[in-house]
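Per numbering that gives the first Met the number 0, the very first residue in the sequence shown carries number 0; after that it's consecutive.
Ideal placement from N, C-alpha and C gives every residue a C-beta, glycine not left out.
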Amino acid sequence: MSSLPYSQSCENNKAAIAAVIEQCFSQASQVLEVGSGTGQHAVHFAKLMPHLIWQTSDQSIYHDGINAWLLAEPSINLRPPLTLDVTQAWPISQLEKPVIDGIFTANTLHIMSKAMVEEFFKGIGEHLALHGQLCIYGPFNYNGQYTSDSNRNFDLWLYEQNNQSAIRDIEWIIELANKQGMELITDHPMPANNRLLHFEKLSK
Ligand SMILES: C[S@@+](CC[C@H](N)C(=O)[O-])C[C@H]1O[C@@H](n2cnc3c(N)ncnc32)[C@H](O)[C@@H]1O
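Listed below in structure tokens is the structure:
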């Protein structure tokens with residue numbers, strides 16, 4: 000296991016995330032994960048939701064690591080990563096089923112630039128089915144304010160890594176989602192000052 004890419008935060012947060020998304024995706028048949036990272040979330044969630052296809056994706060540099068996790072912890076409903084950069088066309092033709100009725104992403108919107116976040120939502124507007132569910136996990140600000148000192152410190156650290164990265168305002172995320180026909184169903188508080196935002200696509 001030591002050669003697998005490893006994120007301690009994924010291990011810490013996967014049970015809490017699963018408890019929420021199992022409900023959100025209870026009717027879904029195919030969930031596309033954007034920015035699968037190490038692949039740890041995917042192997043955990045696919046096992047818990049055997050009724051759906053869990054389709055991993057990320058930029059190609061992450062694929063070897065994701066594939067290593069899929070090999071170590073296979074599930075019949077788990078699919079190897081597609082190359083998906085939100086600034087490019089989404090690889091829709093490579094999906095197993097024609098309909099995406101669930102999209103999951105964790106800890107990505109604060110890594111992406113603002114322009115990339117906008118592209119992410121445009122892609123969802125185009126490809127998520129009507130009544131599809133969108134679940135976004137990560138830290139968010141409210142009215143431009145941090146929700147904790149640890150998030151403030153994290154944001155400073157993000158800026159040092161890349162000055163386009165930043166914790167996003169939840170109001171802006173909701174605005175982008177609304178423009179694509181999605182409504183916020185629930186803003187779930189999560190451990191360690193994170194949130195899980197559950198949206199549903201209510202109009203095209
Ligand atoms: C901090 S990692 C999170 C990985 C994983 N979801 C997790 O929770 O551990 C950020 C992820 O965002 C992805 N990402 C950044 N920019 C992206 C883009 N333009 N398109 C798609 N994914 C992107 C990275 O490739 C990476 O997988």
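Measuring only the C-alpha atoms, how far is residue i from residue j?
i: residue 184; j: residue 200; result: 10 Å
i: residue 86; j: residue 18; result: 31 Å
i: residue 197; j: residue 23; result: 7 Å
i: residue 157; j: residue 172; result: 19 Å
i: residue 161; j: residue 106; result: 15 Å
i: residue 128; j: residue 147; result: 35 Å
i: residue 131; j: residue 102; result: 8 Å
i: residue 97; j: residue 154; result: 38 Å
i: residue 124; j: residue 51; result: 21 Å
i: residue 12; j: residue 167; result: 20 Å
i: residue 164; j: residue 95; result: 33 Å
i: residue 15; j: residue 110; result: 22 Å
i: residue 152; j: residue 113; result: 20 Å
Tell me, please, which residues DSSP counts as bridged to residue i.
i: residue 196; result: 135, 186
i: residue 56; result: 81
i: residue 101; result: 30, 132
Looking at residue i and ligand 1, is the gap between the Cβ and the nearest heavy atom below 7 Å?
i: residue 6; result: yes
i: residue 158; result: no
i: residue 62; result: no
i: residue 228; result: Look at the range of the chain in this structure, 0 to 203, and you will see that residue 228 is not part of it.
i: residue 110; result: yes
i: residue 106; result: yes
i: residue 36; result: yes
i: residue 40; result: yes
i: residue 134; result: no
Less than 8 Å between the beta carbons of residue i and residue j, yes or no?
i: residue 29; j: residue 7; result: no
i: residue 175; j: residue 117; result: yes
i: residue 31; j: residue 57; result: no
i: residue 80; j: residue 65; result: yes
i: residue 126; j: residue 75; result: no
i: residue 89; j: residue 38; result: no
i: residue 149; j: residue 180; result: no
i: residue 139; j: residue 169; result: yes
For ligand 3, any of its heavy atoms closer than 7 Å to the Cβ of residue i?
i: residue 85; result: With respect to ligand 3, the structure offers nothing, as its ligand set consists of ligand 1.
Please report the Cβ distance between residue i and residue j, rounded to the nearest whole angstrom; I am assuming they are in contact, meaning their Cβ atoms lie under 8 Å.
i: residue 193; j: residue 143; result: Not confirmed; about 18 Å, so no contact.
i: residue 3; j: residue 71; result: 6 Å
i: residue 77; j: residue 42; result: 7 Å
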